[in-house]
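Comments concern the structure below.
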Ligand code: DAT
Ligand code: MG
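Numbering (full-length UniProt numbering), first residue to last: 1 to 148.
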């Protein structure tokens, strides 16, 4: 079963949106297999956003993501990587559809509330960056046969 890395960013935590965001993925039927409330170090931020290191906004991005605690999670489910991206909405909340997390709650690209892996490769990389193997919990849900 596919897994993805999701994180409520410092703005989402400050605005009290952790519960709403977790609830959206729960109601979709995805399974939470890991979660931790942490403040990201400079080093971890630079690794996580390594693909953007040459972009003009890289410094601002690293400052923002380390500016307060985040809620990091791993979610599991059928096509969960692309489904989470769809549920998050476009990178710039100004372009994100109503009903998506960014479309419902965000205004600017610098504070777009939530992160989700964009491919199988980045999901594997990001999960490993934030979670040790024994922090991911395998368990059965009796409801799962009615979901996928
Ligand atoms: P996403 O988070 O949708 O995967 P991304 O990987 O292209 O988007 O960019 C990572 C984050 O960087 C994004 O969530 C917000 C920030 N960002 C992207 N483009 C930006 C820009 N033009 N100005 C400021 N921040 C930007
Ligand atoms: Mg990205």
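We put the beta carbon where it would ideally sit given N, CA and C, even for glycine. These numbers come from a predicted model, not from an experiment.
Should residue i be labelled buried (16 or more other beta-carbon atoms within 10 Å of its own) or exposed?
i	result
residue 79	exposed
residue 146	exposed
residue 106	buried
residue 127	buried
residue 115	buried
residue 56	exposed
residue 100	buried
residue 81	buried
residue 123	buried
residue 7	buried
residue 144	exposed
residue 148	exposed
May I ask you to check if the CB of residue i is nearer than 7 Å to at least one heavy atom of the ligand MG?
i	result
residue 54	no
residue 118	yes
Say yes only if the C-beta of residue i is nearer than 7 Å to one or more non-hydrogen atoms of the ligand DAT, and no if none qualify.
i	result
residue 91	yes
residue 61	yes
residue 96	no
residue 115	yes
residue 72	no
residue 130	no
residue 109	yes
Between residue i and residue j, how many whole angstroms is the CB-CB distance? I'm expecting something under 8 Å.
i	j	result
residue 70	residue 49	Contact doesn't hold; Cβ gap of about 13 Å is too wide.
residue 24	residue 87	6 Å
residue 120	residue 75	With 8 Å as the limit, residue 120 and residue 75 do not qualify as a contact, their Cβ atoms being about 14 Å apart.
residue 21	residue 29	With a Cβ gap of about 15 Å, residue 21 and residue 29 do not count as contacting.
Report the residue from the options whose alpha carbon sits nearest the alpha carbon of residue i.
i	options	result
residue 37	4, 19, 112, 88	19
residue 10	129, 4, 113, 122	113
residue 41	8, 1, 67	67
residue 44	125, 82, 17	125
residue 5	27, 14, 34, 16	34
residue 93	144, 103, 47	103
residue 60	129, 12, 144, 109	109
Is the beta carbon of residue i within less than 7 Å of some heavy atom of the ligand GDP?
i	result
residue 5	Judged by which ligands are present, the ligand GDP is missing from the structure shown, whose ligands are the ligand DAT and the ligand MG.
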